[in-house]
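Asker:
There are 2 protein chains.
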Amino acid sequence: MEEKLPTFESVFSIDCLIFGFEAGELKILLIERNDEPFKDWFALPGDIVKQDESLDDAADRILYELTGLRDLQMKQFHTFGEVNRHPQGRVITVGYYALIRIAGQKELRPVSQYARKAIWHPVNSLPKLAFDHTEIFNNGFGKIRRRLNYQPIAFDLLPEKFTLTQLQGLYEAILNKKLDKRNFRKKMLSYGFLKELVEKQKGVSYRAAKLYKFDRRKYAKIFQNELTAS
Amino acid sequence: MEEKLPTFESVFSIDCLIFGFEAGELKILLIERNDEPFKDWFALPGDIVKQDESLDDAADRILYELTGLRDLQMKQFHTFGEVNRHPQGRVITVGYYALIRIAGQKELRPVSQYARKAIWHPVNSLPKLAFDHTEIFNNGFGKIRRRLNYQPIAFDLLPEKFTLTQLQGLYEAILNKKLDKRNFRKKMLSYGFLKELVEKQKGVSYRAAKLYKFDRRKYAKIFQNELTAS
DNA sequence: AATATAAGGTGTGAAAATTACACCGTTAAA
DNA sequence: TTTAACGGTGTAATTTTCACACCTTATATT
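Heads up: the sequence lines are chains A and B, in that order. Take 1 as the starting number for the first sequence in this note's numbering and just add one per residue. Take 1 as the starting number for the second sequence in this note's numbering and just add one per residue.
(1) Tell whether a beta-carbon distance below 8 Å holds between A:His133 and A:Leu44.
(2) With a threshold of 8 Å between beta-carbons, can A:Gln224 be considered close to chain B, or not?
(3) Name, please, each residue of chain B whose Cβ falls closer than 8 Å to the Cβ of A:Thr79.
(4) Could you check where the alpha helix (DSSP H) with A:Leu157 kicks off and where it finishes?
(5) Just the chain B side, please: which residues come within less than 8 Å of A:Arg90 by C-beta, in chain order?
(6) Along chain B, which residues have their Cβ under 9 Å away from the Cβ of A:Glu82?
(7) With 16 as the cutoff for other CB atoms within 10 Å, does B:Val91 come out buried or exposed?
(8) Kindly provide the ranges of any beta strand (DSSP E) runs that are 3 or more residues long and lie completely inside the stretch 60–98 of chain A, ordered along the chain.
(9) Keeping to the same chain, check which residues put their C-beta closer than 8 Å to that of A:Lys161; ignore five residues upstream and five downstream.
(10) CA-CA distance, A:Ala154 and B:Ala209?
(11) Answer yes or no: does any C-beta atom of chain A fall closer than 8 Å to that of B:Ser10?
(12) Please report how far the alpha carbon of B:Val94 lies from the alpha carbon of B:Lys128, in whole angstroms.
(13) Taking only three categories from DSSP, how would you classify B:Ser54?
(14) For the stretch 139–158 of chain B against the stretch 32–40 of chain B, are there 3 or more C-beta pairs whose distance is under 8 Å?
(15) Output the boundary residues of the beta strand (DSSP E) element that contains B:Lys181.
(16) In the DSSP assignment, what residue or residues form a beta bridge with B:Lys210?
(17) At which residues does the alpha helix (DSSP H) containing A:Lys143 begin and terminate?
(18) Under 6 Å Cβ to Cβ from A:Phe21, same chain only, skipping five residues before and after it: list those, please.
(19) Does the Cβ of B:Gln73 have 16 or more other Cβ atoms within 10 Å, making it buried, or fewer, making it exposed?
(20) Starting from A:Glu172, trace the beta strand (DSSP E) both ways and give me its first and last residue.
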C-alpha cells in the first residue's frame with residue numbers, strides 16, 4: 001500500500017457503538033470501509049465533529065445519517081486519544097453508544113462515501129476492526145454490561161411490547177450467561193416499573209405469553225425516590 | 001472588558017479534578033486565574049494537550065506540573081464539547097480526576113503563567129468556577145461517589161497507615177452522610193483487603209487506635225476472582 | 001380426537017447481606 | 001481523680017439472593 005495519504009494535524013471525531021437485538025442475539029452496527037486506510041475492513045461508524053456542533057449533536061447527526069433514526073439518546077462512554085491511533089494524523093475520538101430497536105426500523109441507509117455498506121454483526125464473533133476500534137468496542141461494551149445491573153437500558157433494545165422471556169433472553173445475551181427464570185421474573189416484577197398488558201403474544205405455535213411495557217413514569221418516580229433517599 | 005482576545009479554531013484540553021482529604025474534609029485543587037478570560041476567577045487546573053502526547057500522558061504531565069506528584073493514576077471521566085464552552089474558540093476538554101494524599105506532599109508548586117496560585121478548597125462550598133468548570137466538577141464528583149461503592153478508591157486519599165475512624169470519616173465526607181460505626185467496620189474488615197498493623201496511632205490525647213494498611217495484593221486477588229466468577 | 005411439542009408460569013426454603021442499635025474500655029490532659 | 005474524647009465490640013430482625021422442579025396452556029401433527 002504505497003499511495004500517499006493526506007495527513008492532518010488535529011481532529012476530533014466520534015465513533016459509535018450502535019447495539020441492536022435480533023433473533024436472540026446482541027448485534028452491533030459495523031460499516032465496511034471503502035477508502036484507505038483500512039480499505040475493506042470493518043469499522044465502527046463514525047465521523048468528524050464539525051466546528052459548530054457539540055459532541056452530543058454530532059453523535060445524534062451521525063446516528064441519523066447512518067440509520068435514519070432520530071431522537072435516540074446517544075451516550076458518551078470514553079475518549080480515546082493515543083497519539084498514533086490514526087495513521088493519518090492526530091485524531092482524538094469520543095466513543096458514544098446507543099441501544100436501538102432493530103425491528104420496525106427502516107432499511108439502513110446507504111452511508112457516506114467512505115463506507116460501502118452497513119451491517120448488523122453479532123457481538124460474540126466480531127471480526128478484526130480498523131484502527132483501535134476493537135478496543136473502543138471492548139471498553140464500551142464493558143460499560144454497558146455493568147450499567148445493565150442498575151439502569152433500565154435493556155428496554156431500548158426491545159419492541160415496545162415484550163414478553164418476560166424476551167427480556168430475559170436479552171439480559172442473557174448482554175451478560176453472556178444463563179439466568180434463572182423464576183428469580184429473574186420475580187426480580188423484574190418487584191421493581192414495579194413493568195406494566196402488564198391485557199394483550200398477549202401472537203403468532204407463536206405454543207402458549208402465548210403476556211406482554212409487558214416498560215413504564216418510564218413509574219421508573220422515574222422510583223429512581224427519584226432513590227436519589228432523594230440517599 | 002473590551003480587550004481583544006486571540007481566538008483559536010480547534011483545541012483539545014484536559015481539566016483535572018484533584019481531590020485531597022485534609023482535616024476531615026474533602027478538598028479539591030483550584031487555581032486562581034491570572035489571565036483573561038475569567039481573570040481572577042477560580043478554575044480547575046488544566047492545560048492543552050500537545051500534539052505528541054496521549055490524553056493520559058497529558059493528564060499525568062499536568063498533574064506533575066501542578067503538584068510535583070508523579071505516577072499517580074489520573075482517570076478520565078467525561079469529555080465536554082459544547083460549542084461555546086470557551087469564549088475564545090472551540091475547545092473540547094477531557095475531564096480527569098485523581099485522588100491524592102495531601103499530607104506528606106511537597107508544597108504546591110507555583111503553577112504556569114496563567115495561574116496565580118493553587119489552593120485546596122472544600123468541595124462543600126465551592127465558589128463559582130470559570131467556564132463550565134462547575135458542571136465538570138459536578139459530573140466528576142458524582143462519578144467518584146458512585147464508584148466509591150464498588151472500588152477501593154478511598155485509600156488513595158489517606159496516608160498509608162490509617163485508622164478505621166479516619167477511613168469512615170472519609171467515606172462520610174465523600175458520600176455526605178453519616179454511617180454506622182459498627183456496620184462500617186464489620187463490612188470493611190469482611191472484604192479482607194485491610195491489613196491490621198501492630199503499630200498504633202500516635203500523638204492523640206485519647207486511646208490510640210489500631211492502624212491499618214490497604215493491601216493491594218489481596219485486593220487484586222479478590223477482584224480477579226470476582227471477574228473470573230462472572 | 002389424541003398426542004406431541006414448546007414454551008408459559010408459578011413458590012418455598014436456605015443462606016447471605018444489610019440494617020438498627022448501646023455500652024464499656026482506654027488514654028491523656030486537666 | 002476526674003473528665004473528655006474516641007476505640008472497640010455483638011446480636012437479632014429484616015431483606016435480598018439463590019437454588020431448585022413441575023404442572024399448564026396453546027398450537028401443530030397424526
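Cβ coordinates follow ideal geometry from the N, Cα and C atoms, glycine included. Computed from a predicted model, the values in this text were never measured in an experiment.
Answerer: The structure says:
(1) yes
(2) no
(3) Leu55, Gln76, Thr79, Val94
(4) Note, A:Leu157: premise wrong, no alpha helix (DSSP H); not H, not E.
(5) Gln51
(6) Ser54, Leu55, Asp56
(7) Label assigned to B:Val91: buried.
(8) 75–80
(9) Leu197, Glu199, Leu211, Tyr212, Lys213
(10) Looking at the two C-alpha atoms, the distance is approximately 48 Å.
(11) yes
(12) 20 Å
(13) coil
(14) no
(15) Unbroken run through B:Lys181 is the alpha helix (DSSP H), 181–191; no beta strand (DSSP E).
(16) B:Lys200
(17) 133–148
(18) Leu157, Leu170
(19) exposed
(20) Segment 164–175 is the alpha helix (DSSP H) holding A:Glu172; no beta strand (DSSP E) there.
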